[in-house]
Each structure stands twice: as C-alpha cells, then as structure tokens.
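Protein chains in written order, with the working numbering: chain A, 111 to 495; chain B, 2 to 403.
No residue lacks a Cβ here, since even glycine has one placed at the ideal position from N, Cα and C.
Given the structure is predicted, the values throughout are model-derived calculations rather than measurements.
So, in structure tokens, the structure goes:
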C-alpha cells in the first residue's frame, strides 16, 4: 500500500501507532481543506442601536450548513457582545475538558477609546468572527447545543432565561466540583504544556509591549515630520528657481507622513489585538490545565481512600471507576485540543508576522515611490528666460 | 579672465591633530590643528607629479583670514567658515568640540571653505590668501601689517542698529530682507531635522528588542523556532542600520548650514551698502547746511534758527572782517565737501555695481548647490527605503517558513 498524506508526503505505515496518527493528521487536513467542511459562520454588518436605557452594537451572524443538527441550510441572526459572552460561558461550563477560544476584552482598558468608533467596532468584529470560526473548526465544540442555538434562535434571550431554570442534559452531567483536592505531581506531558504556556504568554506580553513602544515612537516621529515638511514649503515661498524643488520635497514628506499614519493604524488595529487574543487564550488554557489537575487529584484521593480501607472488595467501586474515566477523557480531549491549538497557533502567527512584515514593506514602498517621483522634478533645468 | 586658483592648485585639508600649547595668557590650552596640503596642477608629464607642500593651521587662523577677506572685499559675499561650536545637535551627536566626529566634519568644512575662496574669481587672487596656503611662518604678522582691522567698520557688527537711509537701492533692501528670512527658515529647518533624526533613531532601535524576544521565544517552539530566530536576526540588522543612515544625513545638514552662514555674509554686503548710502546722505546733508550757512552770512539773512545767529543779534553783530573770515573757511569746507561727495558717490556706484555682480554669481551658485543638496537628500531617502524593504522582505521570508 502506498499511503501518503493529501499533500503528497509519503507515510511510514509499519506500525499501528503511526497509522492512527496518520488518521489524526488526515482529520486535521480535512478540517483545513474546506472541501469536506459542512458549516460556515461569518460575523459582519455592525449596527448601532440607540434605546432609552442604553446604546449598543449588534453584529449579523450568518450560518450556512448541511449538517443534520440544523433545521435549515441558512440562518441570519443579530447578536451583541453579551450574547457572545454568554455563549463562551456556556461552552466553558458544558465542555470543561476542551480549550475554548477567547473573546476580545469586555471592557476597554484605555478609557479614552471610543466604543462606537469605526476602528474599535471593526477590530471587535474581526475578533468575534475569529471566535466563532475557531468554534466552527472544532470537531466537538461545533456540535455543542448552545452553539447551535446561538447561531439559529430568533429570540436568544428567551433561551437564556430557559437555561437558567432547567439543566440541559447534554454535557452538563460532567459537572466538576472544585473540591480542593491537591495534586501531588502533574504528569510530565501536562507539566510541559503548563511550562510552555507560561513562557509563551510571557514572550507574547513582551512582544505586545515592544509593539506598543514602536507605535508610540512612530507617532512621535510623525509629529516632528508634520512640522518638518511645511518648513520646506515656507522656504520655497522665499525662492524663485528653488521654489518648485522645495515644494516638491515638502509634498513628498507629506506623503511619507500619510504612509506612516497608515502603518501605525494598521499595527494598532490588526497586530496588537491578535497578540492580546493569544495572551487571553493562554490564560484560559492554563485554567483548563488546573481543572484537569483537580480531576486527577480527586481520582487519586478516592483511590487512596479505597486502598486505605483495606476491605475485601472484588472490584473497584463505581465512583472511583467514574473518576478514572473522567481523568482519561479529560487527558485525551486536552491532548487533542493542544495539538490542534499548536497547529492553529503556528498558522495564526505565521500570518500575523508576515502581515506585520508586509505592512512595513508597503510603508517603505509608498515612501520610495514618493521620493523617486521627485527626482526628475529636482533635476529639472529651468528654461532660459 | 584669469583662471581661478582652484584650477591651478590642488588644495586639501587632509588631517586634523590635537595639540597642546600655551595661549596669549600663558595658560595651557588644547586645540586642533589642521594640515593644509597644496600641489600645483601641471599638465601631466609621464611619471612626474608635482611635490606636495603642507603646513598646519588652527581654526583661529582661518577666522583671521576670513575677517581679513570680509573687510578687504566688502562687496563680495565671502564664503563662510564651518560652525565654531556644534549646533543643532540631536542626542546622539556630541556637542564637544574635541569629539572626533565633530573634528572630522569641521575638517571637511574647512577644506570646502578654502576651495570656495580658491574658485572665487576675485578672492582667489588675493596675496594674503595665497600666503595662508603656502607660507608657514610669519603669516599672522603679514595679515596684521595690512592694517585691515583699522579699515573695519565697527558699525557692521551692530547688526540690528537701524540707520535711517532715505534712498537705498531697493534691490539691496529686498536682498537684506531675503537674507534675514533665509537665515530664519534654514535655522528652523535644521532644528526640526535634528528632532526628526532623534525620533527616527528611537523607532529603529526599539525594533532591536524584537531580535531578543524572538530568540527567546524560538527556544520553546519546535516548528516555528528556526523562522523566528532568523527573523529576529533581521530585526537586529534593521535596528543597527540607522547609525549609518543618520551619519550620511549629517552631511546634508552641513550643506544646509553652509548656506545658513552664507546668508549672514549676504546680509553683511547689504549692510555695507546701507552704511555707505547713509554716509553719503549724511555728507550731502552736511554740505547743504554749510552752503546755507554761507549764504546767510553773505546776505545777512537768517533763514534758519541758530544759536550763533541769536547771540549775534542779542550781543551785537560781528565785524565785517570776522564775517569774511568765516565765509572763507566755509567756502573751503564746501569745496572739500563737494569733492568728498563726488568721490563718495562714485564709490557708492562702484560698490553697487561690483556687489551686484557678485550677488548674481552667488545666486547661481546657491541655486545650483542647494538643488544638488536636495537631490542627494532624496537619494539618501530612497536608499533608506530600499534598505527597509530589503530587511522586511527577508524577515517576511523567515516568517513564511514558520
């Protein structure tokens, strides 16, 4: 058999372990392919609503799907930030063994930012779109009942009120009590994940600070450039033969100012939010790791308690068995999610950093064009009058 | 038209050296001496190259030379010296006169000054200038012997004192105004440019921090590691590139500074015209009043009030002999005055003619030089942009391999 991955790489299938990992990889590739994808979700069209009590923004959430879990092939609903927040909380509650993607920050830290400005709303829309797409791509989360309702219900608030009174059966049975059990030692692979996440979020924090510093320095540079350009123009006003060249230089510097402004804006709107998103992601992932530790601690405690009782029991009591199941389930889900997360993270950062490089290249290209275009103007010989 | 000195002689200021010596008050001082090398440009004979002559001069000697030229040729826009003290610095540049970068830029500025003088059709023929370049000892004494300091009009130094000139040549008035505005605008430009350089330096250097953090991050990554690490290296290259870029820009700033100081020289010529015109008008006024006095004495009528007139009325008139004597003195003075006025008029007209000719020459030089400076500035910017594109393209490729 000549087995190879969809991208053409040949695969060694001599051992069962490798064939299962092959299947795993194929599954991931399927997710990324889009050909076998059967659920598409988009967030767009922000609108401002002014009511007596408050002013807020809603976004249109459009769903296209062939899945049986959905009654219709297409849906279009309007949702506001608190609806997304509600969804995330529900997912965390109902799928505690999985990594739930982060939402953009609820409150704006810098009180100076306008919640209704075009830039802020657009940045938020992109983050909310990313949030839903990550859930859509997840083989387990995308089938969550709350997610389904979020995408389809005309009146979400009614469902929310309903949910408060009743307990939905699916997934809710896996209720974990933070019972104060202390884990003796984290298994190696989860310890490694924990360490990785610690260093990762630390480095991201540093990159965030550097990026902010660069933007700050660029804006201060821009302030000086804005004074610099017009001085050439003033000078041009004094001169005869040099008038045009000096005006040309002034205009050129003006163009560079515009280009720089665009670069700083792009970095603020596209680069920084994604960094912050991943920092939030790491934080919530660390919490999931802690929950896992809790589950394992509970299991180990109960096992120890049984061992101490020294009663002659032919088999292990069922509640201890259940604990063991929980631990194994959690570990498996978490491992699978980690691998998925690592892959997505690599792609996201590849795109993010290439985007950053691109924006800088575009900035320099705009400036280059401006300066190259005035060379002929500067070299121009005046006609003999 | 004789060929200017620059065509017959190669002039360079090739070295700068720190020296210690004793000054006029017998106190120890440190100063920099500059080596001036000259070599006659002869038609190339196979294997024969003219020998190089050299001598050392310090900045104060250059100043003495320039002062001499300014006084001796007041109708010429005399080339300026590079700045005495470092001005318009941004934080990375030193304001210290002994700083090697400052000394180096001054060396270039002094060479430029000598070349400017040597290519000026009038100044290049001056003997004192020639001796400055070729005669090591006794030059100072030679300059002082010309007595030029006595000729110097101290009023020229009082830049802002106004002299009420009734009929100045309008061209000079406009030109003086222009030189004031030019000084103002170039100063402003240099100040802002220094701040721009400072800020740009900051932007580039902060990017160096990416290098470090990418390296640290790559340590915990498997597939992303190599891409991050190599991209970080490019960020370091980017951060380091600003030093050379800004050093080159200093050269542009120096070109602007030369014309900032040239504006001063231009103003001095306009000022000279103003003073000459003022002296002329004062002399004419004096002559008119003397003629009037003469007429009054001769006819006995007092047209204008004078203390003498009043006292003579109160205390009695003078004897006819006394009056005759006075008239004679005045007539002599009037004659002298008329001759002086004539020569002053001639002087004034000559000055205007020759000054304006040099001003036209200067204008062309200025337009040419500043255009070249702007072109080289644009070329520098283009080079900086291309470097930026290169670095980020390299970084992008590294990121793509993540």
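- In the structure shown, residue 152 of chain A falls within a strand segment according to DSSP collapsed to helix, strand and coil.
- Runs of the alpha helix (DSSP H) lying entirely within the stretch 411-492 of chain A and spanning at least 4 residues, in chain order: 428-489.
- Using a Cβ-Cβ cut-off of 9 Å, residue 313 of chain A counts as an interface residue toward chain B, since at least one Cβ of chain B sits closer than that to its own.
- Cα atoms of residue 118 of chain B and residue 284 of chain B: separation of roughly 35 Å, rounded to the nearest angstrom.
- Counting other Cβ atoms within 10 Å of its Cβ, residue 204 of chain B reaches 16 or more and is therefore classed as buried.
- Each of B/380, B/331, B/268, B/288 was checked against the Cα of residue 480 of chain A, and the nearest Cα belongs to B/380.
- Contact check between the stretch 160-171 of chain A and the stretch 180-190 of chain A: three or more CB pairs, one atom from each, fall below 8 Å, which counts as touching.
- Excluding residues up to 5 positions away in sequence, 346, 347 lie with their Cβ nearer than 8 Å to the Cβ of residue 353 of chain A in the same chain.
- Between the stretch 427-439 of chain A and the stretch 222-235 of chain A there are fewer than three inter-stretch CB-CB distances shorter than 8 Å, so the stretches are not counted as touching.
- If you look at residue 12 of chain B, you'll find it isn't in any alpha helix (DSSP H); it sits in the beta strand (DSSP E) that goes 10-23.
- Identification of residues in the stretch 208-233 of chain B having a C-beta nearer than 9 Å to some C-beta of chain A yields 208, 210, 211, 213, 214, 215, 217, 218, 220, 221, 222, 223, 224, 225, 228, 229, 232, given in sequence order.
- Secondary structure at residue 136 of chain B: coil, using DSSP grouped into helix, strand and coil.
- Around residue 407 of chain A, no beta-carbon contact reaches into chain B at under 8 Å, the shortest distance being about 27 Å.
- Contact of residue 467 of chain A with chain B by beta-carbon distance below 7 Å involves 393, 396, 397, 400.
- Residues of the stretch 448-466 of chain A with a C-beta less than 7 Å from any C-beta of chain B: 456, 459, 460, 463, 464, listed in chain order.
- Taking 8 Å as the Cβ-Cβ cut-off, the stretch 476-488 of chain A approaches chain B at 477, 478, 481, 482, 484, 485, 488, given in chain order.
- At a beta-carbon threshold of 7 Å, the residues of chain A lying near residue 189 of chain B are 341, ordered along the chain.
- Look at residue 205 of chain A: its C-beta is not under 9 Å from any C-beta on chain B.
- In the DSSP secondary-structure assignment, residue 184 of chain A is bridged to A/174.
- Neighbours of residue 90 of chain B in chain A, taken as residues at a C-beta separation under 9 Å, are lacking, since the least C-beta distance is about 15 Å.
- If you ignore the 5 residues before and after residue 73 of chain B, its C-beta comes within less than 7 Å of the C-beta of 149, all in its own chain and listed in chain order.
- Within chain B, no residue has its beta carbon less than 9 Å from that of residue 386 of chain A; the closest one is some 16 Å off.
- The beta-carbon distance between residue 129 of chain B and residue 69 of chain B, rounded to whole angstroms, is 6 Å. This is short enough to meet the 8 Å contact definition.
- With the criterion set as a beta carbon lying under 7 Å from some beta carbon of chain A, the members of the stretch 176-202 of chain B are 179, 182, 183, 186, 189, 190, 193, 194, 196, 197, 200, 201, in sequence order.
- The stretch 302-314 of chain A makes contact with the stretch 386-395 of chain A, as at least three CB pairs between them are under 8 Å.
- By the neighbour-count criterion, in which 16 or more other beta carbons inside 10 Å mark a residue as buried, residue 403 of chain A falls on the buried side.
- Secondary-structure assignment with DSSP links residue 55 of chain B through a beta bridge to B/38.
- Residue B/196 holds the alpha-carbon nearest to the alpha-carbon of residue 332 of chain A among B/273, B/376, B/196.
- Listed along chain B is no residue with a C-beta nearer than 7 Å to that of residue 300 of chain A; the closest approach is about 16 Å.
- The alpha-carbon of residue 469 of chain A is positioned some 12 Å away from that of residue 378 of chain A.
- By the C-beta density criterion, residue 274 of chain B is buried, having at least 16 other C-beta atoms within 10 angstroms.
- The stretch 224-232 of chain B makes no contact with the stretch 337-356 of chain B; the number of CB pairs closer than 8 Å stays below 3.
- In this structure residue 388 of chain B does not touch residue 471 of chain A by the C-beta definition: roughly 12 Å separates them, more than the 8 Å allowed.
- When C-beta atoms of the stretch 146-163 of chain A are compared with those of the stretch 172-179 of chain A, three or more pairs fall below 8 Å, so the two segments count as touching.
- For residue 216 of chain A, the three-state secondary structure derived from DSSP is coil.
- C-alpha of residue 181 of chain B to C-alpha of residue 192 of chain B: approximately 17 Å in a straight line.
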